[in-house]
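Numbering (UniProt numbering), first residue to last: 1 to 722.
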């Protein structure tokens, strides 16, 4: 009977929906809120017709009047019971919806299992009637046992109980509303009967049955772990929370939130209950301990500087208030270390002032450790950098490679042929993203994907979006030929014909493909130099060579490809030659093997420049010169091993030299120091870090020092996980 009844309900619901759909008038497509995160929202449209809002499947056009997004998800998953199955849903979408439904079911099962465990502990079978009465009496006390079905959701429990008369003044409510209020009223165990919040009291342990229940549960739920509420364990938790606040850039006033104590109650479920923290703890002793830990980690970085060398980075940027700041950091393969932030508003206009700033930073790090200094690419920085190289003859100044490549891409986008393609692509994306119906159609035909792809710079975003559009060409063409586009958009919206013609144009897409092939090597190189996953010094010169080769292969005629070659050469050789990048190419076994017998004079001269500048002892210079011949000819040592040949493609260049460069110890030391450097001074994520506040002259000395420490901890914690 139950199955028949359930089938009758589903059939009746489907028939009522079909009747409503047939009687519905013209549909109005509604935008879907960005706050709706369920994956099923990407595969439906929200429409209004006949005064009611419905969900419409983008695959079978089925309307849903009730059941919410969960019922629609069952429709996509083709799970019978609550909704009819979609016959047109793609296989991958169906599998995604099934996985989502299974995850929800598993989560409910885990909650129920834990609730059953707690029920067995707090209400054993042998409990006598007087004991049950005692439990009931205890639950009527000001602070009582949390209901079993609420024990897992500590953060969402209200801290104060609403007076009954407040709800009565709101008039008549529906049955659902009354039930919801009744449940909320019953699940307020953390409040006193006189409406005082729990945060205002610290009852004795014997008045906290919840803590006793959790402690009793500890042997079953914390296998293999031991929690001792000692000072050492408490400090570990305090430091963990403090690091979270500093790394995420959360204002320290967040500890005054009413939700902070419930968070600690969740921590207490691990076996002990920490004391409440104060705002002054995090800006005082915990900040001090975090500063000590970060400093200790940075001392570990410093220990590698003598072996691998380091790069001083001067990241110049402008704040929202127009102030120019320079963040000074030190890069080495172990990690990047933030030193300090300098207000450079008056410094960047003077080469002398900028030189003094960089000179002091080099002296602070240690001249013998610094291989290169990377700054902005402006003429003032070039003047200061050349002067810095004269003062310190054992290091190089280099302009930021990331900025150079981005300027190359910006130059490409200004070439007439490419600019026209970018403008046409912007016309397509601009129309779609500014029209609700077109946007929903795009989501339907692209299966939830987006056309616009975020990137680190404007030029990079243009080209990565163009590539994404080309990859979705068939889906876009299907969209502009669909009935919805032809009947609802084409007759009504201006600009639709232009967009339709562009999407259907073979010439537009062939031009897009050519632009993607021309810019793909530079886009790959831009991503490489902006990442700190591996030092990029050994890859930049080869990346530019490959970019030129791709352009020449695509355009063939010299008059065509030289336009782009000139842009690359002008941006690359604008200020000074770059011997470090040439030496990085020479010492990278992956690339050097291809040109071993035909090394250009430019590359070998760059290698000799590095030997003369980075090695001050002339006797060691002569030894390196002899070892260079061994490396070039593979005449001795482990260079000729098959393992070494295979490892050229698998090991990072510096690690390859450590492993197989035993026959050339002096050259190996130099190669490791060169190949361990980065090529970009681009700063990492600076959001929610108060760089500008540390330069506020209105703060007193102690407050400014605290802000310096806070910024130092925040940015270095963020850089450690870059």
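Each residue gets a CB set at the ideal place from its N, CA and C atoms; glycine is no exception.
Per the contact definition of three or more C-beta pairs closer than 8 Å, is the stretch 454-468 in contact with the stretch 518-531?
Short answer: they touch.
Once the 5 residues before and after residue 77 are set aside, which same chain residues still bring their CB inside 7 Å of it?
Counted from its first residue, the chain shown places residue 77 at position 77. Answer for residue 77: 94, 97, 98 and 101, listed in chain order.
Runs of alpha helix (DSSP H) lying entirely within the UniProt domain "DUF659" (278-428), each at least 4 residues, in chain order:
Entirely contained in the UniProt domain "DUF659" (278-428), the alpha helix (DSSP H) runs reaching 4 residues are, in chain order, 279-283, 285-303, 305-308, 351-365, 379-391 and 401-414.
Quick check on the DSSP output: the alpha helix (DSSP H) that includes residue 464 runs from which residue to which?
On the chain shown, residue 464 is found 464 positions in, with the first residue counted as 1. Taken as a continuous stretch (DSSP letters only), the alpha helix (DSSP H) holding residue 464 covers 458-471.
Would residue 717 and residue 107 be called neighbours here (beta carbons separated by less than 8 Å)?
Reading the chain shown from its first residue, position 717 is the one you call residue 717. Reading the chain shown from its first residue, position 107 is the one you call residue 107. Cβ distance not < 8 Å, so residue 717 and residue 107 don't count as in contact.
Taking C-beta to C-beta, are residue 384 and residue 358 nearer than 8 Å?
For the purposes of this step, residue 384 is taken as the residue at position 384 of the chain shown. For the purposes of this step, residue 358 is taken as the residue at position 358 of the chain shown. Between residue 384 and residue 358, the CB-CB gap stays under 8 Å.
Three CB pairs or more closer than 8 Å across the stretch 433-451 and the stretch 407-414
The answer is no - the stretch 407-414 does not touch the stretch 433-451, with fewer than three Cβ pairs under 8 Å.
Ordered along the chain, which non-local residues of its own chain (more than five positions away) have a Cβ less than 6 Å from that of residue 132?
As a first step, residue 132 is located in the chain shown; it is residue number 132 there, counting from the start. Low confidence applies here, because residue 132 scores a pLDDT of 39, under 50, leaving its location unreliable; read the following figure in that light. When the five nearest sequence neighbours on each side are left out, no beta carbon in the same chain lies closer than 6 Å to the beta carbon of residue 132.
Whose C-alpha, out of 39, 26 and 41, is nearest the C-alpha of residue 51?
Indexing the chain shown from 1 puts residue 51 at position 51. Closest option to residue 51, Cα to Cα, is 26.
Can you check DSSP and say which residues form a bridge with residue 30?
For the purposes of this step, residue 30 is identified with residue 30 of the chain shown, where counting begins at 1. According to DSSP, which records beta bridges pairwise, residue 30 is partnered with 46.
Measuring alpha carbon to alpha carbon, tell me which of 300, 589, 330 and 323 ends up nearest residue 314.
As a position in the chain shown, residue 314 is number 314, starting the count at 1. Nearest option by C-alpha distance: 330.
Start-end ranges of the alpha helix (DSSP H) lying completely within the stretch 499-568, minimum 4 residues
Entirely contained in the stretch 499-568, the alpha helix (DSSP H) runs reaching 4 residues are, in chain order, 506-530 and 540-555.
What is the C-beta distance between residue 517 and residue 550, in whole angstroms, given that I count them as a contact (C-beta under 8 Å)?
Within the chain shown, the letter at position 517 stands for residue 517. Within the chain shown, the letter at position 550 stands for residue 550. About 6 Å separates the beta carbons of residue 517 and residue 550, which is inside the 8 Å limit, making them a contact pair.
With DSSP as the reference, please indicate the residues paired to residue 55 in a beta bridge.
By one-based count along the chain shown, residue 55 stands at place 55. The partner list for residue 55 (beta bridge, DSSP) reads 46 and 64.
Check whether the Cβ atoms of residue 394 and residue 692 sit closer than 8 Å, and answer yes or no.
The sequence position of residue 394 within the chain shown is 394, counting from 1. The sequence position of residue 692 within the chain shown is 692, counting from 1. For the pair residue 394 and residue 692, the CB atoms are not nearer than the 8 Å cut-off.
What do you reckon, is the C-beta of residue 67 under 7 Å from a heavy atom of the ligand HEM?
Although the ligand HEM was asked about, the structure shown includes no ligands whatsoever.
Inter-residue CB distance, residue 427 and residue 498 (contact presumed, cutoff 8 Å):
One-based indexing of the chain shown puts residue 427 at position 427. One-based indexing of the chain shown puts residue 498 at position 498. At roughly 7 Å, the Cβ-Cβ gap stays under 8 Å, so residue 427 and residue 498 are in contact.
Residue environment, residue 665, which counts as buried when at least 16 other CB atoms sit within 10 Å:
Position 665 of the chain shown, counted from the start, is the residue given in the question as residue 665. Exposure of residue 665 is indicated by the presence of fewer than 16 other C-beta atoms within 10 angstroms of its C-beta.
In this structure, does DSSP put residue 691 in helix, strand or coil?
Mapped onto the chain shown, residue 691 falls at position 691. Coil, per DSSP.
Going by alpha carbons, who is nearest to residue 333 out of 536, 354, 246 and 269?
The residue you call residue 333 lines up with position 333 of the chain shown. Nearest neighbour of residue 333 by Cα position, chosen from 536, 354, 246 and 269, turns out to be 536.
Ordered along the chain, which non-local residues of its own chain (more than five positions away) have a Cβ less than 8 Å from that of residue 279?
Against the chain shown, residue 279 aligns to sequence position 279. Residues of the same chain with a CB within less than 8 Å of the CB of residue 279, apart from the 5 flanking positions on each side, are 252, 253, 255 and 256 in chain order.
Alpha carbon to alpha carbon, how far is residue 137 from residue 112?
If you number the chain shown from 1, residue 137 lands on position 137. If you number the chain shown from 1, residue 112 lands on position 112. Low per-residue confidence applies at residue 137: pLDDT is 39, beneath 50, and the placement is therefore not dependable, though the value from the model is reported in the following sentence. For residue 137 and residue 112, the distance between alpha carbons rounds to 26 Å.
Report yes if the C-beta distance between residue 673 and residue 336 is below 8 Å; otherwise report no.
Start at 1 with the first residue of the chain shown, and residue 673 comes out as number 673. Start at 1 with the first residue of the chain shown, and residue 336 comes out as number 336. Judged by their CB atoms, residue 673 and residue 336 are not nearer to each other than the 8 Å cut-off.
On the CB-based measure, 16 or more other CB atoms within 10 Å of its CB, does residue 570 come out buried or exposed?
Counting from 1 along the chain shown, the entry for residue 570 is found at position 570. Exposed, since its Cβ has fewer than 16 Cβ neighbours within 10 Å.
Environment of residue 487 [buried if 16+ CB atoms lie within 10 Å]:
Looking up residue 487 in the chain shown gives position 487. Under this definition residue 487 is an exposed residue.
Flag this pair as yes or no: are the beta carbons of residue 683 and residue 663 separated by less than 8 Å?
By 1-based counting over the chain shown, the position of residue 683 is 683. By 1-based counting over the chain shown, the position of residue 663 is 663. Between residue 683 and residue 663, the C-beta spacing is not below 8 Å.
Do you know offhand how far residue 380's Cα is from residue 351's?
Translated into positions along the chain shown, residue 380 becomes position 380. Translated into positions along the chain shown, residue 351 becomes position 351. Cα to Cα, the separation comes out at about 5 Å.
Need the endpoints of the alpha helix (DSSP H) that residue 639 sits in, please.
Numbered from its first residue, the chain shown carries residue 639 at position 639. Residue 639 -> no alpha helix (DSSP H), and no H or E assigned at all.
By the 10 Å Cβ neighbour count, where 16 or more other Cβ atoms means buried, how is residue 265 classified, buried or exposed?
Along the chain shown, read from residue 1 onward, the residue named residue 265 stands at position 265. Taking a 10 Å sphere around the C-beta of residue 265, we find 16 or more other C-beta atoms and assign the residue as buried.
If you drop the 5 nearest sequence neighbours on each side, which residues of the same chain put their C-beta closer than 6 Å to that of residue 706?
As a working mapping, residue 706 is identified with position 706 in the chain shown. Contacts found: none.
Under a Cβ-count criterion, where at least 16 other Cβ atoms within 10 Å of its own Cβ denotes burial, should residue 533 be classed as buried or exposed?
Counted from its first residue, the chain shown places residue 533 at position 533. Label assigned to residue 533: exposed.
Measure the CB-CB distance between residue 581 and residue 90 and report whether it falls below 8 Å.
As a first step, residue 581 is located in the chain shown; it is residue number 581 there, counting from the start. As a first step, residue 90 is located in the chain shown; it is residue number 90 there, counting from the start. Remark: C-beta atoms of residue 581 and residue 90 do not approach each other more closely than 8 Å.
Alpha helix (DSSP H) segment containing residue 588, residue limits:
If you number the chain shown from 1, residue 588 lands on position 588. From DSSP, residue 588 is part of no alpha helix (DSSP H); its letter is neither H nor E.
Could you spell out the range, first to last residue, of the alpha helix (DSSP H) harbouring residue 665?
Counting from 1 along the chain shown, the entry for residue 665 is found at position 665. Under the DSSP assignment, residue 665 falls in the alpha helix (DSSP H) whose first and last residues are 665-675.
Around the C-beta of residue 44, are 16 or more other C-beta atoms found within 10 angstroms, so that it is buried, or is it exposed?
On the chain shown, residue 44 is found 44 positions in, with the first residue counted as 1. With 16 or more neighbouring CB atoms inside 10 Å of its own CB, residue 44 falls in the buried class.
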